[in-house]
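Asks: For the sequence shown, this note's numbering assigns the number 1 to the initial residue and increments by one for each residue that follows. Glycine included, every Cβ here is placed at the ideal spot set by N, Cα and C. As the structure is a computational prediction, the values presented were derived from the model and not from experiment.
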Amino acid sequence: MIWKLNAVKTLSGTVHLPGDKSISHRYAMLAAIAEGESVIRHFAASQDCHSTLRCLSALGATIVEAGDDVAIQGRGLRGLRAPEKPLDAENSGTTIRLLSGILAGHDFTCSITGDASLLSRPMGRIIQPLRLMGANIEPRERDLPPLVIRGGSLKGIRYSLPVASAQVKSCVLLAGLYAGETTAVEETVPTRDHTEIALREFGAAARVSGGWIEVDPAPRLRARRLTVPGDLSGAAFFLAAAAMVPDSDLTIPGVSLNGRRRELLNYLERAGMDLCVENETTEAGEARGDLRARYSAAFLKRRMPDIKGPEAAALIDEIPILAVLGSQTAGGLEISGAEELRVKESDRISALAVNLRAMGAEVMEKSDGLIVSGGRKLRGADIETRKDHRIAMAFAIAGLAAEDETRIHDAECVNISFPGFLDTLKNIAK
Ligand code: S3P
């Protein structure tokens, strides 16, 4: 599907977001290994989270969806059963990496595969710690999926993460539920902590001290009723749009304000954006609140602060849209230390450089980031999304500020995280 976008006069109104993708994956997986029925409200509409649900039902969990509520009948910690055919994580790195941690604790053999993009993403980062814990896990070749996993009793490890990745941290912590003793993971660069929070909500003992996160073997997890907040990474596209399109004024209610994810808001505030947070509350350990974002001509006259080091890890999913926004500020933006972007759903550094240049921006590609020169009006172009949802959405927003028509190819890939994105955009475009 090709989307055709043109510049809009202004954006105003309320943006309703789908449930957070990261939190939804974790709630679904923990519900499937808890005892009793969990109900997850405002579960992510994302295809990725539905890949997780399909894998969990193939593993024996009973799942009933009603609108965006999902009821999951848990099978207990060791109660999943061998699937009849290979599990399919489709496009979802979070599904394959987190679920592998749970499968490592189950005494059966199963394999887990995915689509062409997932089959090219590195799994050595989870294979290594799971083998140290005693799981038998084999990749197809080198460190690529499909993975064949034979789990069973595991031993606790103390593991320092070699790569800043919440998926790897979460995989090891979930496997830690099945270990004979405490498992500890050290992260030198903080990453999203939804797993630590959700583990506690479902009754596991997870502690954080310094850079170490410890989880004790769990005798059992208890079912919960939980509500997922709106996806802040989805909000990022609308925040950037409000910053770029004159006179915009957007309200985005019920957004996740998790401490590790809201670095996005701190960053945009530091960059000088007109942004405020209202009605903040915390439920089940996850902060949430309403955002209001307004256009400010002064913001576009500045340079955006460099993104480097730990900030690159904290903003990893938002860098595509921040790079687009940077191209519209007078001083541009430099991104470093973001080499992880090369192994996401696509090589996002290359996809950003190619598509920003196609729209007339000046961009230098570095091995670990980009230098985006600002101050050039974008012009419409054919955008090769590489079937990467965040690239598609970032350039749809670029199209709102460009001269002439922008065509987003393979636009259906936005369903990976944000079905309804285009309708949401049309609703606020005036
Ligand atoms: C995620 C962690 C991040 C992020 C991904 C979701 C998660 O990946 O990019 O979209 O839910 O844990 P890495 O852990 O590979 O950095």
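Can you list, in chain order, the residues of its chain whose CB lies under 7 Å from that of R386, leaving out five sequence neighbours each side?
Replies: Here residue 386 refers to the residue found at position 386 of the sequence shown. For R386, where only same-chain residues beyond five positions count, the Cβ hits under 7 Å are S346 and A351.
Asks: Tell me whether D317, by its Cβ, gets closer than 8 Å to a heavy atom of the ligand S3P.
Replies: Taking the sequence shown and counting its residues from 1, the one referred to as residue 317 is at position 317. Checking the Cβ of D317 against the ligand S3P gives yes.
Asks: Secondary structure at L87, three-state DSSP: helix, strand or coil?
Replies: Mapped onto the sequence shown, residue 87 falls at position 87. L87 falls in the strand class under three-state DSSP.
Asks: Under 9 Å between the Cβ atoms of A358 and R376?
Replies: As a working note, residue 358 is residue 358 in the sequence shown. As a working note, residue 376 is residue 376 in the sequence shown. Their beta carbons are not under 9 Å apart, which means A358 does not touch R376 by this criterion.
Asks: Mind checking who N136 pairs with in its DSSP beta bridge?
Replies: Working through the sequence shown from its first residue, we reach residue 136 at position 136. Looking at the DSSP assignment, N136 forms a beta bridge with R150.
Asks: Taking C-beta to C-beta, are A330 and G374 nearer than 9 Å?
Replies: Residue 330 sits at position 330 when you count from the first residue of the sequence shown. Residue 374 sits at position 374 when you count from the first residue of the sequence shown. A contact, by the Cβ cut-off of 9 Å.
Asks: Per DSSP, which one or two residues make a beta bridge with Y267?
Replies: Locating residue 267 in the sequence shown gives position 267, counting from the first residue. Looking at the DSSP assignment, Y267 forms no beta bridge with any residue, so it has no partner.
Asks: Count the other C-beta atoms from every protein chain shown that fall within 10 angstroms of the C-beta of L291, then say buried if there are 16 or more, exposed otherwise.
Replies: Taking the sequence shown and counting its residues from 1, the one referred to as residue 291 is at position 291. Buried is the call here.
Asks: Helix, strand or coil: how does DSSP classify N427 here?
Replies: Numbered from its first residue, the sequence shown carries residue 427 at position 427. If DSSP states are grouped into helix, strand and coil, N427 belongs with the helices.
Asks: Just to confirm my understanding: we take D115, look at its own chain, exclude 5 residues before and 5 after, and list those with CB closer than 7 Å. What are they?
Replies: Counting from one through the sequence shown, the residue named residue 115 turns up at place 115. Cβ within range, chain order: E90 and N91.
Asks: So who's on the other strand from I112, going by DSSP bridges?
Replies: As a working mapping, residue 112 is identified with position 112 in the sequence shown. I112 pairs with L87 and L147.
Asks: Cutting at 7 Å between CB atoms, please list the residues of its own chain near G36, excluding the five before and the five after it.
Replies: As a working mapping, residue 36 is identified with position 36 in the sequence shown. Hits under 7 Å: G74, R222 and A223.
Asks: Quick one: residues in its chain with C-beta nearer than 7 Å to the C-beta of D404, no 5 flanking neighbours on either side, listed in chain order?
Replies: For the purposes of this step, residue 404 is taken as residue 404 along the sequence shown, with counting starting at 1. Excluding positions up to five away in sequence, the list reads R379 and G380.
Asks: List the whole-angstrom C-beta distance separating S111 from V148, where the pair is believed to meet the contact cut-off of C-beta under 8 Å.
Replies: By 1-based counting over the sequence shown, the position of residue 111 is 111. By 1-based counting over the sequence shown, the position of residue 148 is 148. Yes, S111 and V148 are in contact; Cβ-Cβ is about 5 Å, under 8 Å.
Asks: Measure the beta-carbon distance from S256 to I40 and round it to whole angstroms, keeping in mind my assumption that it falls under 8 Å.
Replies: By 1-based counting over the sequence shown, the position of residue 256 is 256. By 1-based counting over the sequence shown, the position of residue 40 is 40. Going by Cβ atoms, the distance from S256 to I40 rounds to 14 Å, so no, they are not a contact pair.
Asks: Hey, out of F238, R288 and D382, whose CA is closest to G13's CA?
Replies: Indexing the sequence shown from 1 puts residue 13 at position 13. G13 has its Cα closest to that of F238, out of F238, R288 and D382.
Asks: Looking at the unbroken alpha helix (DSSP H) that takes in C55, where does it start and where does it end?
Replies: Within the sequence shown, residue 55 is the residue found at index 55, counting from 1. Run containing C55: Q47 to A58, per the alpha helix (DSSP H) assignment.
Asks: Can you tell me whether G399 is buried or exposed, with buried defined as 16 or more other CB within 10 angstroms of its CB?
Replies: Counting from 1 along the sequence shown, the entry for residue 399 is found at position 399. Looking at its Cβ environment, which holds 16 or more other Cβ atoms inside 10 Å, G399 is buried.
Asks: Do R342 and the ligand S3P come close, with the Cβ less than 8 Å from some heavy atom?
Replies: Reading the sequence shown from its first residue, position 342 is the one you call residue 342. No, the beta carbon of R342 sits no closer than 8 Å to any heavy atom of the ligand S3P.
Asks: Sort out for me which residues DSSP pairs D382 with in a bridge.
Replies: What you label residue 382 is simply residue 382 of the sequence shown in a count that begins at 1. D382 pairs with R407.
Asks: Where DSSP assigns a beta bridge to D69, which residues make up the other side?
Replies: Here the question's residue 69 lines up with position 69 in the sequence shown. In the DSSP output, where bridge partners are listed per residue, D69 has A66.
Asks: How far does the alpha helix (DSSP H) with K366 in it extend, from its first residue to its last?
Replies: Your numbering for residue 366 matches position 366 in the sequence shown. Run containing K366: none in the alpha helix (DSSP H); it sits in the beta strand (DSSP E), V363 to K366.
Asks: Answer yes or no: the CB of H50 versus the heavy atoms of the ligand S3P, is any distance below 8 Å?
Replies: To locate residue 50, count along the sequence shown from 1; it is residue 50. Every heavy atom of the ligand S3P is 8 Å or more from the Cβ of H50, so no.
Asks: Specify the secondary structure class of L118 as computed by DSSP and reduced to three states.
Replies: Within the sequence shown, residue 118 is the residue found at index 118, counting from 1. Helix.
Asks: Is the distance from the Cβ of L154 to the Cβ of A179 below 9 Å?
Replies: Against the sequence shown, residue 154 aligns to sequence position 154. Against the sequence shown, residue 179 aligns to sequence position 179. Yes, these two residues count as a Cβ contact at 9 Å.
Asks: How big is the Cα-Cα spacing for A323 and I416?
Replies: On the sequence shown, position 323 is the one that residue 323 refers to. On the sequence shown, position 416 is the one that residue 416 refers to. Their backbone Cα atoms lie some 21 Å apart in a straight line.
Asks: Between I2 and H409, which are expected to be in contact by the criterion C-beta below 8 Å, what is the C-beta distance as a whole number of angstroms?
Replies: The residue given as residue 2 occupies position 2 in the sequence shown. The residue given as residue 409 occupies position 409 in the sequence shown. Rounded, the Cβ-Cβ distance is 6 Å, consistent with contact.
Asks: Quick one: is S367 buried, meaning 16 or more other Cβ sit within 10 Å of its Cβ, or exposed?
Replies: Residue mapping note: residue 367 aligns to position 367 of the sequence shown, counting from 1. Classification of S367: exposed, given that the 10 Å Cβ count is below 16.
Asks: Run the proximity test for S120: is its beta-carbon closer than 8 Å to any non-hydrogen atom belonging to the ligand S3P?
Replies: The residue given as residue 120 occupies position 120 in the sequence shown. Every heavy atom of the ligand S3P is 8 Å or more from the Cβ of S120, so no.
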